[in-house]
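Novice:
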Amino acid sequence: MALRQMMTTAQVARLFGAETPAEVRTRQAYLAQLRFRGQGPRFVKHGRMILYPQDAVAEWLEAGETDCTRSMR
Numbered sequence: 108m109a110l111r112q113m114m115t116t117a118q119v120a121r122l123f124g125a126e127t128p129a130e131v132r133t134r135q136a137y138l139a140q141l142r143f144r145g146q147g148p149r150f151v152k153h154g155r156m157i158l159y160p161q162d163a164v165a166e167w168l169e170a171g172e173t174d175c176t177r178s179m180r
């Protein structure tokens with residue numbers, strides 16, 4: 108069994124362009140809201156630590172791709 112590459116919430120937040128610590132915290136809070144609603148990428152909870160499989164983040168981002176804003180309604 109091969110271990111999957113995992114990402115922390117801070118690493119995922121940086122994918123959204125977060126650079127400063129305040130921006131990272133804001134993006135982490137957004138990810139927490141998505142987890143609560145069941146709308147974010149799949150995750151693993153180990154104690155209090157939240158980890159995201161790298162392939163799950165990629166799938167989630169690809170699922171949100173669209174060709175025009177009209178289809179976002």
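Its first residue numbered 108, the sequence shown is counted upward by one per residue in this note's numbering. Ideal Cβ positions, reconstructed from N, Cα and C, are used throughout, including at glycine.
#1: Does the distance from the C-beta atom of L138 to that of G147 stay below 8 Å?
#2: Please report the distance separating the alpha-carbon of R111 from that of R149.
#3: Suppose the cutoff is 6 Å on Cβ atoms and the five residues either side in sequence are ignored; what does the same chain contact list for Q135 look like?
Specialist: Short version:
#1: yes
#2: 13 Å
#3: T116 and A120
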